[in-house]
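In what follows, a single structure is set out as structure tokens and then discussed.
Numbering (my numbering), first residue to last: 1 to 1049.
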């Protein structure tokens, strides 16, 4: 009885984990036996080898509970079968052998029943046989097989007598050697090797999780010239060919995984030189261990390879540690899904040429073996052409994808050998046709850029059709002529305050026509506006005013109190004397030219430093946006466009610019209509809205039947799911878009397929807008192949100037564009991939930044605010999507005064989460206040001491002990709370917002209540919060399935 070797432990795990279907670690070797074979002698020879090598008789069983050992019985019966296909013609005979071999391989071994090996001898003719050897990889490795076949030939020649062989070193001595190694030193070495590695290196799509499948294989051979060049590269630089292979794979992997610090698995021989006779031992010695390669784009290839070999040489003494232990030490950094296997087995000495009556045993073909990894590259040196095999799981990589990986690998080897002094960052994995597609063909968006600005386009519309409605909000309407005149008067008034080119004006105004007048007036005066949401905390508004350098702030009597005193002069537009002074100004335009590169607006987004950052954008990008998006929205004279977005969100800029430049009518949703689904649908119908730009969350709150007049929905700002898209695509044209604020609202647009199904993948985000360009790049700014994720960069006229007062951050995010016409490009931090058709698919974030309801949020800014509270020692914030399409901010805090309270108490005794939420609301806009706060004793950390965001627990939203409902209406509302918030239950006195609700989910609650026969409003949800309180104000609708009765009794 022996303990397990490290790799045996791993194989046992996979055998028990995937106990249905084929076992990928079942190995099969097919041998050609030529000559006058004595079948009985061959069988006796195999039985002698089985008796000689204890490792071949091993089985695996538990002892003392769950601990597994290998048990070695003294005797076992050799599983031996025979078949005869000699009566068949050659093609049929070979096909039958393949069928029999496949049947053998499909039959799983029971690892508790020895031997884990079986033989099938097939007769092809008088002097021709084929021997099919099937065994479990847990018994022996690839090195062992040639040793075993050499012994088989010798024993057969001796009539089945194994005494002709010398003494064998038993496998048990290797197991004993393992037990003598310094495991602490090895752990320290692996911990140091993988220190600071960030996350796992994974390239495969998400595993579908069905039964295991046998891998497919893709084969290639290097040319004789390239084989020689690889060998010479290794010799000239003091390297092994294995190091060259691993280095080339690291570069391919870097492109596939969009990383510059990669980890993959490698199989080491595991035969310690200090163990006598180890080279002729039979058993499983190999071990799979991580190989880490840090890639520096400026480093020469030869230096990269030298450092890689140096690092691997330093770990040789520590290769006895199992992968599971290394992964436990290093955490996610040691997790990978690709493997490199370099088959460099020593060959047995060549014997004399066999005589005519000799029996020879030779491999008929490469052995059928595999691993459980999605991609395994096998290198087979020897001869004048080096061979490679890529095993790939067909459920994760089709043959075309696997072949492209092999081609890229060969291309990297070609570049390595052509110039070992080349920089790592200059090694390209793309074919020329691929490069042309992703950098040129799919970015061929050039078109004449309209002259002038949105202001001039608007003025043209005002002269052409002055009586056409330009904007309306409720009963307040303005024609193009009226809007032009009011904007001109205000522009002249602003000019009197010194507003002109590059001067900034804060707009702290309520929703309505005044905001549109003010935006146009600032532009007409030559200035740039800074939207200031009156609902934002005073501290945030103060920062935005001072940081932007605003010379003036426009407000009204209702918003003046929200503007912090002492920051900058404030003009109250509806103050009588100011209103009279503006009305007295001439209604003609100032006639100032608006340059395309002139600053148009500064808009603030969340900042990772704890303060929002201002993005400065010019008129050229705005005009290009208006021209590019006009076709998608089908905007022209008389077409009504919904204005839904907050004016502090850059989506509002799109609404204003594209509508007024096209001669359409802008219908502004009121504050109530933005929170009440029924009111919003009524407003859309009443105004004849035909086009709208909203975040997908808004569509979830609406019934398509109630807004059937909208012909074009432009969606962006958050992930559009196929399920949501499928409910709307057949009723109207859906356009999925993508764009950061730094690219003037939108950079890509694509029409959603009308036939999309709920189970489909999320729809692509389309192609670049006119004159915009998008590049999916790796860490060296090299294009990645189609189908591979990389970081998305945006170039073109929409790219912002940069961040106000932040030259360091501007230089980091706005970089020189090496493609096309050059210029600058913006590094978005988003991940994307090209489809084969040249569309872009969104693939997440490269950092922790999130987008919620269209707003871009840096969790670090929220964490800074929470950590400033006296009761909080540490804070972490993430966006969770525990229900599909329902993303929410969750805060995790550690109390400053000690541990969280015991679970039974529900909340910590020294941390009031409601008070913390109220504190955050005084410093953050509502969309950045976490929906839920979870109190922890400590934040989970990785083995490297970093915050382990993946280990943050899902919030327990249902309050234990919450009161049961007492009336039918309370019951309906409690059920609706639970359904909308995705929780098990809600008590009658539980707060909707304490349970994780927000403004969008409140709209979903209102819609659900109406379907259930109850009329409530979003305002009532915010005011009353609990089912019990809402039951008192809920009004039954005409169809009331709630059971009727007084809602409060």
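Glycine included, every Cβ here is placed at the ideal spot set by N, Cα and C.
What is the DSSP secondary structure of residue 532, reduced to helix, strand or coil? coil
Skipping 5 residues on each side, what residues in its chain have a beta carbon closer than 6 Å to that of residue 270? 285, 286 and 287
Among the residues of its own chain, which have a CB less than 6 Å from the CB of residue 472, if the five just before and after it don't count? 667
I'd like the list of long-range same chain contacts for residue 486, defined as Cβ closer than 6 Å, with 5 residues on each side in sequence excluded. 517
Figure out for me which residue from 603, 48, 894 and 221 has the closest Cα to the Cα of residue 386. 221
Does the structure place the segment 673 to 680 close enough to the segment 998 to 1011 that three or more beta carbon pairs sit under 8 Å? yes
Please work out which residues of its chain come closer than 6 Å, Cβ to Cβ, to residue 362, disregarding the five sequence neighbours upstream and downstream, and give them in chain order. 32
Distance check for residue 203 and residue 467, CA to CA, integer angstroms please. 59 Å
What's the C-alpha gap between residue 416 and residue 258? 20 Å
Rounded C-alpha distance that separates residue 988 from residue 880: 25 Å
Do residue 564 and residue 536 count as a contact pair if the criterion is CB distance below 8 Å? no
Taking the alpha-carbon of residue 889 as reference, which of 947, 952, 838 and 68 has the nearest alpha-carbon? 952
Should residue 434 and residue 607 be called a contact, given that it needs their Cβ atoms to be closer than 8 Å? no
Taking all protein chains shown into account, decide if residue 904 is buried (16 or more other Cβ within 10 angstroms of its Cβ) or exposed. For residue 904, the predicted model reports a pLDDT of 36, less than 50, meaning its position is unreliable; a value from the coordinates is still stated below. Classification of residue 904: exposed, given that the 10 Å Cβ count is below 16.
Three-way DSSP call (helix, strand, coil) for residue 712 in this model: strand
Just how far apart, CA to CA, sit residue 819 and residue 506? 37 Å
On the three-state DSSP scale, how would you describe residue 757? coil
Hey, could you find the ends of the alpha helix (DSSP H) residue 613 is sitting in? First-last for residue 613: 613 to 618, but that is the beta strand (DSSP E), not the alpha helix (DSSP H).
In this structure, what does DSSP give as the bridge partners for residue 555? 508 and 572
Measure the C-alpha to C-alpha separation of residue 400 and residue 835 and round it to an integer number of angstroms. 14 Å
Tell me whether residue 974 sits in a helix, a strand or coil according to DSSP, three-state version. helix
Beta-carbon contacts of residue 939 that lie in its chain and below 7 Å, excluding the five residues immediately before and after: 874, 876, 892, 894 and 947
For residue 941, does the count of other Cβ atoms within 10 angstroms reach 16, so buried, or fall short, so exposed? exposed
Just to check my reading of the structure: residue 72 and residue 1 have Cβ atoms closer than 8 Å, yes? What is that Cβ distance to the nearest angstrom? 7 Å
Mind checking which residues open and close the beta strand (DSSP E) that includes residue 699? From DSSP, residue 699 is part of no beta strand (DSSP E) but of the alpha helix (DSSP H) over 696 to 700.
In whole angstroms, give me the CA-to-CA distance for residue 1063 and residue 643. The shown model of the chain, from 1 to 1049, leaves out residue 1063, and the question about it has no answer.
Can you check which of these residues, 360, 785, 548 and 722, is closest to residue 438 by C-alpha distance? 785
Between the C-alpha atoms of residue 393 and residue 25, what's the straight-line distance to the nearest angstrom? 14 Å
So, is residue 318 buried or exposed, given that buried needs 16 or more other C-beta atoms within 10 angstroms? buried
In the DSSP assignment, find the beta strand (DSSP E) that holds residue 47 and state where it starts and stops. Careful: residue 47 lies outside any beta strand (DSSP E), inside the alpha helix (DSSP H) at 39 to 52.
At what residues does the beta strand (DSSP E) containing residue 123 begin and finish? 117 to 125
Going by the beta-carbon positions, is the gap between residue 10 and residue 323 smaller than 8 Å? yes
Does DSSP put residue 264 in a helix, a strand or coil? strand
Quick check: the segment 758 to 772 against the segment 804 to 815, are there 3 or more CB pairs under 8 Å? no
Quick check: is any heavy atom of the ligand ATP less than 7 Å from the C-beta of residue 627? The ligand ATP is absent from the structure shown, which contains no ligands of any kind.
With a 10 Å radius around its C-beta and 16 neighbouring C-beta atoms as the bar for buried, classify residue 619 as buried or exposed. buried
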